[in-house]
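Asker: Sending over a structure as structure tokens; questions will come in a sec.
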Amino acid sequence: MISVEKYWENLNVLHVNREAPRAHYIPYSSEADASAGKRGLSPYYQTLNGSWKFKYYASVRLVEDGFYEDNAEVGGWDDLIVPSCWQVNGYDQCHYTNVNYPFPCDPPFVPQQNPAGLYVREFNISEQWDGKEKYIVFEGVNSCFYLWLNGAFVGYSQGSRVPAEFNLTPYIRSGKNRLAVMVLKWCDGTYLEDQDLWRFSGIFRDVYLLARSPRHVRDVFNRQELSADYAKAWIRCEIETTGLLDVQVELKDSRNGTVSIGKAEIDGAGAVRLEVDRPALWNAEKPVLYHLYISAGDEVLRFQVGFRKVEIKDGVFMINGQPVKLKGVNRHDSHPELGQTIPLLHMIRDLKLMKQHNVNTIRTSHYPNDPRFLELCNEYGFYVIDEADLECHGVLHAGDYHMLSKNPAWESAFVERAIRMVERDKNHPSIIMWSMGNESGYDANHMAMARWTKARDASRPVHYEGVDPRHKGSPDTEVIDVEGRMYSSPEYIEQYAKDPRSLKPMFLCEYSHAMGNGPGDLKDYWDVIYKYPKLMGGCVWEWSDHGIKTKTEAGTEYFAYGGDFGDQPNDGNFCIDGLVSPDRVPHKGLLELKKVIAPVRFEAVDAAAGIFQVTNLYDFSDLSELVLVWKMEKDGAAVEQGEVIDLQVPPHESRAITLPYAAEQSEGRRFVHLSCRTKRDSRWAAAGHEITFEQFELPSAPMPAAPIRRKLPKIHVQRQGELVIVEGFDFRHVFDLYDGTFVNISKHGLEMLQAPASFTIWRAPTDNDRKIKLKWMEEGYDRAQMRVYRAEIVEQTETALDIEVHFSLGGYIKIPILHGTALWRVDGSGDISLKVKVRVREGLVFLPRFGLQLAMPKGMEEVEYFGLGPHESYIDKRHSVKRGKYITRVDRMMENYIMPQETGSRYGTEWAIVSNEQGMGLKFSAPNTFSFNALHFTPEDLTAATHNYELTAVKREETIVHLDYKMSGVGSNSCGPELLPQYRLDEKEFAFEIGIQPIFNEDE
761 MISVEKYWEN LNVLHVNREA PRAHYIPYSS EADASAGKRG LSPYYQTLNG
811 SWKFKYYASV RLVEDGFYED NAEVGGWDDL IVPSCWQVNG YDQCHYTNVN
861 YPFPCDPPFV PQQNPAGLYV REFNISEQWD GKEKYIVFEG VNSCFYLWLN
911 GAFVGYSQGS RVPAEFNLTP YIRSGKNRLA VMVLKWCDGT YLEDQDLWRF
961 SGIFRDVYLL ARSPRHVRDV FNRQELSADY AKAWIRCEIE TTGLLDVQVE
1011 LKDSRNGTVS IGKAEIDGAG AVRLEVDRPA LWNAEKPVLY HLYISAGDEV
1061 LRFQVGFRKV EIKDGVFMIN GQPVKLKGVN RHDSHPELGQ TIPLLHMIRD
1111 LKLMKQHNVN TIRTSHYPND PRFLELCNEY GFYVIDEADL ECHGVLHAGD
1161 YHMLSKNPAW ESAFVERAIR MVERDKNHPS IIMWSMGNES GYDANHMAMA
1211 RWTKARDASR PVHYEGVDPR HKGSPDTEVI DVEGRMYSSP EYIEQYAKDP
1261 RSLKPMFLCE YSHAMGNGPG DLKDYWDVIY KYPKLMGGCV WEWSDHGIKT
1311 KTEAGTEYFA YGGDFGDQPN DGNFCIDGLV SPDRVPHKGL LELKKVIAPV
1361 RFEAVDAAAG IFQVTNLYDF SDLSELVLVW KMEKDGAAVE QGEVIDLQVP
1411 PHESRAITLP YAAEQSEGRR FVHLSCRTKR DSRWAAAGHE ITFEQFELPS
1461 APMPAAPIRR KLPKIHVQRQ GELVIVEGFD FRHVFDLYDG TFVNISKHGL
1511 EMLQAPASFT IWRAPTDNDR KIKLKWMEEG YDRAQMRVYR AEIVEQTETA
1561 LDIEVHFSLG GYIKIPILHG TALWRVDGSG DISLKVKVRV REGLVFLPRF
1611 GLQLAMPKGM EEVEYFGLGP HESYIDKRHS VKRGKYITRV DRMMENYIMP
1661 QETGSRYGTE WAIVSNEQGM GLKFSAPNTF SFNALHFTPE DLTAATHNYE
1711 LTAVKREETI VHLDYKMSGV GSNSCGPELL PQYRLDEKEF AFEIGIQPIF
1761 NEDE
């Protein structure tokens, strides 16, 4: 075994020879190079990213001593790109776990079989660096590492997601050098890094060298102050140097004009104060940045400066004197192929998508992100809750949630994680709160973190969700400025807001769990959040699915989740819980979020007269940068349209506008569509990007009396045992009295049923049904079969036939779930109508759905419907859709969820047609709207599949149609509160009507 000190289980050693933490920056040789912001332009920067020699060991005890020696032979080792994660490169095992530690909870001890990765890299040093001090910076290494240079031990560090910097000067030589690193998978710090994610290892962020003058600026803290009227700003540049230096500080505006200059002679520590008149303020809507250049010796440092003031007044969270709502998401570092190694363009792609969907806040769950990500947030305009790399959720299942947070032996480890975060990120204007970690209990060690943070930086509030009294941690929460909550219901947060004893703003650091088909409760939250100033908003959990791109044995690509690699313990697909897919395709839940948190709202004052109220929900921007595009449609065709270019509505105010369309009523369905769009290109969207929309239906003139329907043709009825055969002029239907349902429906000889129609209550459980489905299955909802007690012809005329069926639905073992009476009618036109009355057994949990399932034959691929579209919608997930007529195909009805589940339903359908290419099929209509679905899968098919690629093998040729009286909502109960009562199919008695009409659509 390699002979090194066993620092990885020593709480008294968090690092050896590591430099003190400092602000992030790159030194340049000129202001011009610094202003470009490209670190490769700096002669004092040298990347060590690239190919390294690598050798993996399943245990550190197998590592042979001397691999780090100057002449050690490593030619036979593998080549591995740095930065990268071992597990996505074939080393160790991909392992996903949420709460549970993947080893016995015995802090500070980790498994003796502790995997190790050895890295060796040779590099050259330019002669231009002669006389300079040389430093190496590791931006992120998981979980700890030992460092050697040219055979000499340099140092040790742990703490995976903050930088580790070492002075290499005593060990380095001109020309070629050999760097060696030993990374361990686990250390005592792993107990503090128990985040809900794939457990990746390795040098996963950038590595680079810096050349510094012996006397240089080591650290900078740009503290700012704003006058009460925001007419003046001051920057106090607190500068730490390694010796006596003449320092010049120059502030430039966005046009590169000099705003203020200051100079000072600093030896060790000093400050330069700058004054700015009429500063342009920074906020997420208008991220105006200044740039601060610090020149000392032959180095120039550049910092982004955004003037803004963050404060809490009377329990209200404010920025620049304005109450602000944080419309956020939780974002992990996650890439489908690279794991936690995130390229710059991938970061930009995330930020653009967020801006396009009205997100203004990011919580860096649950660790500091790459410093370049924060620079991008400064530029694009995001409020950031910067979170310490601290989560020890696993102690909860070990028996004591506060085990580590109250243990004095762990205080230094806790506090250091706050120190390293704050010191690195203190100059970023986008950071508006510091977070002391996540789900780690709450006691003295968190208090120590918060006290240090507030002493170092009093300009930002401190957040930590563990202060929630329901966690039963320490009641002493004075050092935490914000009431953090997770997954509290809308009712709970409203009670908090109304309570006069609530003195702090409440921040939902996690809410509305966006797993699978969801979330379904966003508007319920935001109706409450907008209502109360103390509710400052929140961050949806979470931004992205964490699937790992992999292949089946047959070569089919798919996104893997926990357990797919044999990893134990695992939390299955709980990592597939984002608003976008791993490859950043937005889920419909993101469209729902975009609509609910949209910064512009429209309400009808008098829609018939074209009068609408526009409300500006921006906090700092008027609506002058937006244009309102309107259109009136009649029966699906545009009849009038126009634009309102001058939307002069100040922030937090409302104005009435009048659209110049014809006000008189007319026959047919008329809808007004309002679309609020950007006027100009921005860095995150092209001109014409839609911010939000709204739709209003206008009153219609009374329809003329329906023409007297021609006399119905006669029908011919015959019995063949239990079969009732009904024939008419161009149809033939067969009803089976034994099974109480239609078994054949045909027109012009074309059969339109592949299997008997049936009543159903089961849906493939969504991820948000993961808790309630256990109760559903206990009561037999998933195995409910129809029992016919009596089926008989109750009336027969020359032109119509009525059949009444008394039935129940129930599963084995249990008493029937419901009893019903169905009245089926067939008339001489071939139309079928169904009236059903249902009584649900008392004491049962709410039903997933109730409706009729039809299997239509191969070729029934065309879908036309009038309802909400174009994508799926549910009773609690329907704000991102519009009412209208849509034409699509069966394959386009479903969403391709990584974990198959209920998908593709259309809430609020008025009528629907499923037909073949020639328009031959069935039309469904009802006096009240219904939920409609057409797929090539049954609920049982979707329930049985665990990955979407499995559906290929079970895809049916027939089309499975569901006509539901109601379907329960989707909610967010995979981690959030129970489905709200108003979205449950919880009625004990109800009635449902539906019409089924065989049609040849092209002829009608």
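Take 761 as the starting number for the sequence shown in this note's numbering and just add one per residue. Ideal placement from N, C-alpha and C gives every residue a C-beta, glycine not left out.
#1: Note down the Cα distance separating M1209 from G1197, rounded to an integer number of angstroms.
#2: Under three-state DSSP, which class holds I1308?
#3: In chain order, what residues of the same chain have a beta carbon less than 6 Å from the beta carbon of H1153, not counting five sequence neighbours either side?
#4: Apply the 10 Å Cβ neighbour rule to S1384 and answer buried if 16 or more other Cβ atoms are within range, or exposed otherwise.
#5: Using a 10 Å radius around the Cβ and a threshold of 16 neighbouring Cβ atoms, would you call K1012 buried or exposed?
#6: In this structure, does DSSP put F981 in helix, strand or coil?
#7: Please classify K1258 as buried or exposed, where buried requires at least 16 neighbouring CB atoms within 10 angstroms.
#8: To test your reading of the DSSP string, which unbroken alpha helix (DSSP H) runs of 4 or more residues are found completely within the region 1110-1152?
#9: For L1005, which residues in the same chain have their Cβ closer than 8 Å to its Cβ, ignoring the five residues on either side in sequence?
#10: Quick one: what's got a C-beta closer than 7 Å to D1327's C-beta in the same chain, skipping five residues either side?
#11: With 16 as the cutoff for other CB atoms within 10 Å, does I1054 come out buried or exposed?
#12: From I1308 to N1333, what distance separates their C-alpha atoms?
#13: By how many angstroms is the C-alpha of K1637 removed from the C-alpha of E1097?
#14: Cα separation between E1317 and G1664?
#15: Determine the burial state of K813: buried for a count of at least 16 other Cβ atoms within 10 Å of its Cβ, exposed for fewer.
#16: Skipping 5 residues on each side, what residues in its chain have a beta carbon closer than 6 Å to that of K1354?
#17: Would the beta-carbon of R1220 fall within 7 Å of that of W1194?
#18: Rounded to a whole number of angstroms, what is the C-alpha to C-alpha distance between P1329 and E1413?
#19: To which residues of the same chain is F1489 closer than 6 Å at the C-beta, ignoring the five residues directly before and after it?
#20: Going by the CB atoms, is the gap between T1648 and G1668 shorter than 7 Å?
#21: What number of angstroms, rounded off, separates the C-alpha of S1234 from the C-alpha of A1204?
#22: Counting C-beta neighbours from all protein chains within 10 Å, is the total for H784 16 or more, i.e. buried, or is it exposed?
#23: Roughly how many whole angstroms lie between the Cα atoms of E1552 and Y1572?
#24: How do the region 768-784 and the region 1039-1053 stand: do at least 3 beta-carbon pairs fall below 8 Å, yes or no?
#25: Taking one C-beta from the region 911-927 and one from the region 860-880 each time, how about it: are there three or more such pairs within less than 8 Å?
#26: For H1412, does the three-state DSSP call read helix, strand or coil?
#27: Can you tell me the Cα-Cα spacing of I1592 and N1656, whole angstroms?
#28: So who's on the other strand from W1522, going by DSSP bridges?
#29: Give a yes or no on whether the C-beta atoms belonging to V1586 and A1694 are separated by under 7 Å.
#30: For L1086, tell me which candidate among L1295, N884, T1018 has the shortest Cα-Cα distance.
#31: Name the two residues that bound the continuous beta strand (DSSP E) containing G935.
#32: Given this structure, state the Cα-to-Cα distance separating F715 from L1711, to the nearest angstrom.
#33: Note down, in chain order, each residue of its chain lying with its Cβ closer than 6 Å to the Cβ of Q1401, except the 5 sequence neighbours on either side.
#34: By the three-class DSSP mapping on this structure, what secondary structure does Y951 have?
#35: Return the residue from the list E985, A1274, Q1064 that minimises the CA-CA distance to G1731.
#36: From G1081 to E1071, what does the alpha carbon distance come to, in whole angstroms?
Answerer: In this structure, then:
#1: 10 Å
#2: strand
#3: V859, D954, E1199
#4: exposed
#5: buried
#6: strand
#7: exposed
#8: 1131-1140
#9: R975, H976, V977, E1025, I1026, D1027, A1056, G1057
#10: Q853, C854, H855, Y856
#11: buried
#12: 11 Å
#13: 31 Å
#14: 23 Å
#15: buried
#16: H1117, N1118
#17: yes
#18: 52 Å
#19: P1473
#20: no
#21: 8 Å
#22: buried
#23: 26 Å
#24: no
#25: no
#26: coil
#27: 33 Å
#28: Its beta-bridge partners do not exist; DSSP assigns none.
#29: no
#30: L1295
#31: 935-944
#32: Only positions 761 to 1764 of the chain appear in the structure, and residue 715 is not among them; the question remains open.
#33: K1391
#34: helix
#35: A1274
#36: 8 Å
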